[in-house]
Amino acid sequence: MSSATPTSGTSPVRRLSLTGVLRLRRPSEIWFKPALSSVAAVAPPNLLLLALGRLDLAMYTMAGSLCALYAHNRPYAARARTLAWVVLGMIGGLAVALVTASLTRDAVVLVTVGALLAAVQKALCDATRVGPPGNVVLTFISSAALFVPQSLGQIPGHLALAAAAGVWAWLVGMAPAPVRPHGPERRATAQALNAAAAYAAAHGTGADEDHAPARAAGYAAVQAAWQTLLALPTTGARAATRHALERLVVRAEVALAAPADTDPERLRTWARALRGAGRIPRTGDAPADTDELLGVDAELAARPAPLWRRLGPLAPIAARTALGCALAGYASLALGIGRPYWALVTAAALYQANLTLTWSRAVQRVVGNLAGVLLFAAIAPLAHLGQALLVLCCLALNFGAEALITRNYWLGSVCVTPMALLVTEFAGYQATGDLMTERAVDTVVGALVGFLAAVVVTNRRAGNRVEQAVTAADRARERAARLLAEPAPAPGALESARRGLAVALTDLRATADGAAGEWWGRALPQERVVLAERSGHRTLAEAVRRQAVRPDRGAGTRTEDVRP
Numbered sequence: 093m094s095s096a097t098p099t100s101g102t103s104p105v106r107r108l109s110l111t112g113v114l115r116l117r118r119p120s121e122i123w124f125k126p127a128l129s130s131v132a133a134v135a136p137p138n139l140l141l142l143a144l145g146r147l148d149l150a151m152y153t154m155a156g157s158l159c160a161l162y163a164h165n166r167p168y169a170a171r172a173r174t175l176a177w178v179v180l181g182m183i184g185g186l187a188v189a190l191v192t193a194s195l196t197r198d199a200v201v202l203v204t205v206g207a208l209l210a211a212v213q214k215a216l217c218d219a220t221r222v223g224p225p226g227n228v229v230l231t232f233i234s235s236a237a238l239f240v241p242q243s244l245g246q247i248p249g250h251l252a253l254a255a256a257a258g259v260w261a262w263l264v265g266m267a268p269a270p271v272r273p274h275g276p277e278r279r280a281t282a283q284a285l286n287a288a289a290a291y292a293a294a295h296g297t298g299a300d301e302d303h304a305p306a307r308a309a310g311y312a313a314v315q316a317a318w319q320t321l322l323a324l325p326t327t328g329a330r331a332a333t334r335h336a337l338e339r340l341v342v343r344a345e346v347a348l349a350a351p352a353d354t355d356p357e358r359l360r361t362w363a364r365a366l367r368g369a370g371r372i373p374r375t376g377d378a379p380a381d382t383d384e385l386l387g388v389d390a391e392l393a394a395r396p397a398p399l400w401r402r403l404g405p406l407a408p409i410a411a412r413t414a415l416g417c418a419l420a421g422y423a424s425l426a427l428g429i430g431r432p433y434w435a436l437v438t439a440a441a442l443y444q445a446n447l448t449l450t451w452s453r454a455v456q457r458v459v460g461n462l463a464g465v466l467l468f469a470a471i472a473p474l475a476h477l478g479q480a481l482l483v484l485c486c487l488a489l490n491f492g493a494e495a496l497i498t499r500n501y502w503l504g505s506v507c508v509t510p511m512a513l514l515v516t517e518f519a520g521y522q523a524t525g526d527l528m529t530e531r532a533v534d535t536v537v538g539a540l541v542g543f544l545a546a547v548v549v550t551n552r553r554a555g556n557r558v559e560q561a562v563t564a565a566d567r568a569r570e571r572a573a574r575l576l577a578e579p580a581p582a583p584g585a586l587e588s589a590r591r592g593l594a595v596a597l598t599d600l601r602a603t604a605d606g607a608a609g610e611w612w613g614r615a616l617p618q619e620r621v622v623l624a625e626r627s628g629h630r631t632l633a634e635a636v637r638r639q640a641v642r643p644d645r646g647a648g649t650r651t652e653d654v655r656p
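Using our numbering, the first residue of the sequence shown is number 93, and each one after it goes up by one.
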């Protein structure tokens with residue numbers, strides 16, 4: 093039931109591979125949404141500044157405009173809150189940077205403050221699971237602002253520009269709501285159905301261990317769908333739509349637990365029906381539907397862990413970020429580079445859940461940035477023909493970056509790099525060769541020093557978190573098993589326990605994968621992980637049989653009388 097082979101432990105030293113690091117993936121289903129939102133949020137402020145002859149202020153408006161890149165997968169009620177917090181976080185980081193820049197011009201102090209800001213931004217973005225682009229955009233803006241000469245009297249005006257652009261970005265992010273108010277949750281549900289169908293179709297062909305990645309992807313998609321639906325209101329006009337989508341996610345979850353009893357084509361049909369603004373398909377009347385929704389209500393009653401508790405496990409990643417960014421900036425200063433924040437941002441962009449993923453991101457960053465420098469050499473002559481062309485080139489690159497980055501990070505970086513270089517010329521054209529040299533050197537320095545810092549700061553808590561995740565999965569399985577032993581468990585109790593077990597198994601796999609990518613950690617309890625997964629999935633299947641829930645139940649695909 094798992095791709096891992098039961099062993100007593102794993103080697104504390106792991107190889108870093110280049111295999112697949114630059115491989116292109118299929119584009120995201122909504123790749124065009126962040127791309128169009130980015131252009132819509134950036135264009136009006138930049139064009140207005142161009143008309144006023146004050147493109148030198150574009151950095152401050154872009155601070156707010158780039159907030160439109162966030163929260164595209166969240167329901168609109170949750171998106172409104174998330175975007176508001178992102179705008180506030182962006183303005184907060186910008187304010188710290190501008191005040192620091194007005195008080196000192198000591199480059200070492202500026203790099204140190206930038207590194208600390210990057211660590212805080214990384215920890216908060218990971219703890220709140222704000223999603224892509226994470227801390228990178230926040231760090232880019234705050235780090236660049238540190239090296240722009242300021243006076244205290246200018247700061248309120250510059251922050252006002254950022255806030256105004258941030259309000260516009262919020263409006264851009266919320267603009268699709270009147271047209272497709274349930275679009276995000278419908279997409280999340282469709283993705284869960286498709287992922288479950290892929291696993292059900294592959295089940296039974298070859299060894300079960302061969303399909304572990306598909307099963308893990310299915311559970312991850314189902315968990316993402318539940319997180320989306322649980323963010324929706326429980327009362328009002330949207331409640332009926334939410335309950336209809338909940339039943340579909342339950343069917344996807346059931347298909348993962350009992351793939352042999354699943355018709356994959358039925359799941360795909362439901363997923364296709366969720367596209368557009370048509371009616372939501374019904375799964376058929378089922379005796380267990382009430383229990384399923386009671387199980388969801390039980391999950392809603394559980395409060396998330398407080399922020400301070402979620403920040404605790406992220407301490408090693410925050411320490412890596414602070415150390416790596418500081419050392420990268422210092423190294424750039426030692427080499428006499430005029431923009432050490434480029435090295436700092438490169439280091440900040442590297443740090444992922446573990447060292448193996450950090451290595452992959454470092455390779456992608458270097459390849460993408462160096463290719464982007466060459467693209468800048470080709471674009472610069474055109475952009476230098478006039479400021480209007482400069483702005484239009486930046487908008488085109490902005491669109492390209494967001495459209496391509498879901499294929500692979502390095503491909504998006506090919507557009508991000510020339511865009512960042514062109515933005516530095518909003519205040520005045522600069523020598524193309526100097527900009528290219530500085531960016532290339534800072535990229536290599538930032539990636540090298542940043543990765544070395546990640547090697548030095550090991551995540552020694554990873555093994556402990558695997559132990560805790562195994563224990564949590566075992567307890568969730570025992571709870572479900574106790575309810576299965578009862579002749580008549582309380583309404584909703586078994587469904588709540590089943591979903592809790594599914595969540596625990598998903599967290600266990602994510603935790604084990606993250607810990608397996610660390611160097612110099614203690615040997616992981618792989619045998620316990622595999623046994624916990626196997627017994628947990630058996631219990632899930634038994635719960636499905638006990639509730640007599642089958643995805644194929646019902647005479648056919650019907651639709652809920654619920655309009656988006």
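Idealized CB from N, CA, C, for every residue including glycine. On a predicted model such as this, the values are computed, not experimentally measured, just so you know.
The beta carbon of V201 sits closer than 8 Å to those of T192, all from its chain and outside the five residues before and after it, given in chain order. With respect to the C-alpha of A207, the residue from V562, S194 and V228 having the closest C-alpha is V228. Residue environment analysis places D534 among the buried positions, since at least 16 neighbouring C-beta atoms fall within 10 angstroms of its C-beta. For Q213, same chain residues with a beta-carbon under 7 Å away, outside a window of 5 residues either side, are G185, N227, L230 and T231 in chain order.
Between the segment 537-549 and the segment 494-511, the count of Cβ pairs shorter than 8 Å is below three; the stretches do not touch. A straight line joining the alpha-carbon of R279 with that of T174 spans about 19 Å. With a 10 Å radius around the Cβ and a threshold of 16 neighbouring Cβ atoms, T598 comes out buried. Within the model, the alpha-carbon separation for A211 versus A292 is close to 42 Å.
Sixteen is the threshold: when 16 or more other Cβ atoms of the shown chains lie within 10 Å of the Cβ of S424, as they do, the residue is buried. Linking I122 to M182 through their CA atoms gives a straight-line distance of about 24 Å. In this structure, T333 lies away from L447, with their beta-carbon atoms at least 9 Å apart. In the structure shown, I183 falls within a helical segment according to DSSP collapsed to helix, strand and coil.
If you keep only unbroken alpha helix (DSSP H) runs of at least 4 residues inside the segment 269-347, you get 275-294 and 304-321. For S235, same chain residues with a beta-carbon under 6 Å away, outside a window of 5 residues either side, are G206, Y433, L436 and V437 in chain order. A contact is defined here as three or more CB-CB pairs under 8 Å, and the segment 513-525 meets this definition with respect to the segment 475-483. Excluding the 5 residues flanking it on each side, L142 has same chain C-beta neighbours closer than 7 Å at Q479, A480 and V483, in chain order. Taking a 10 Å sphere around the C-beta of Y521, we find fewer than 16 other C-beta atoms and assign the residue as exposed. Between L406 and A219, the CB-CB gap stays under 9 Å. Contact check for V465 and R531: beta-carbon distance about 6 Å, within the 8 Å limit, so the pair qualifies. Runs of the alpha helix (DSSP H) lying entirely within the segment 492-542 and spanning at least 4 residues, in chain order: 501-515.
The beta carbon of A624 is closer than 7 Å to those of V562, A565, D566 and L600 in its chain, skipping five residues each way along the sequence.
Taking the C-beta atoms as reference points, A349 is found no nearer than 9 Å to H295. Sixteen is the threshold: when 16 or more other Cβ atoms of the shown chains lie within 10 Å of the Cβ of L321, as they do, the residue is buried. Your pair L285 and W362 checks out as a contact, with CB atoms roughly 5 Å apart and the cut at 8 Å. The beta carbon of A199 sits closer than 6 Å to those of L425, all from its chain and outside the five residues before and after it, given in chain order. When rounded, the separation of the alpha-carbon atoms in G249 and L149 is 10 Å. Going by DSSP, V259 is part of the alpha helix (DSSP H) stretching over I247 to M266. Here A582 is exposed: its Cβ has fewer than 16 other Cβ atoms, across all protein chains shown, within 10 Å.
Distance from E634 to L576 at the Cβ level is roughly 6 Å; contact confirmed, criterion being Cβ atoms closer than 8 Å. When rounded, the separation of the alpha-carbon atoms in L586 and L632 is 10 Å. Annotated three-state conformation of D355 is coil, per DSSP. DSSP places P581 in the coil class of the three-state scheme, outside both helix and strand. Taking each of A347, P276, H274 and P270 in turn and checking the Cα distance to A308, the smallest one comes out for A347. Distance from the CA of R557 to the CA of A411, rounded to the nearest whole angstrom, comes to 18 Å.
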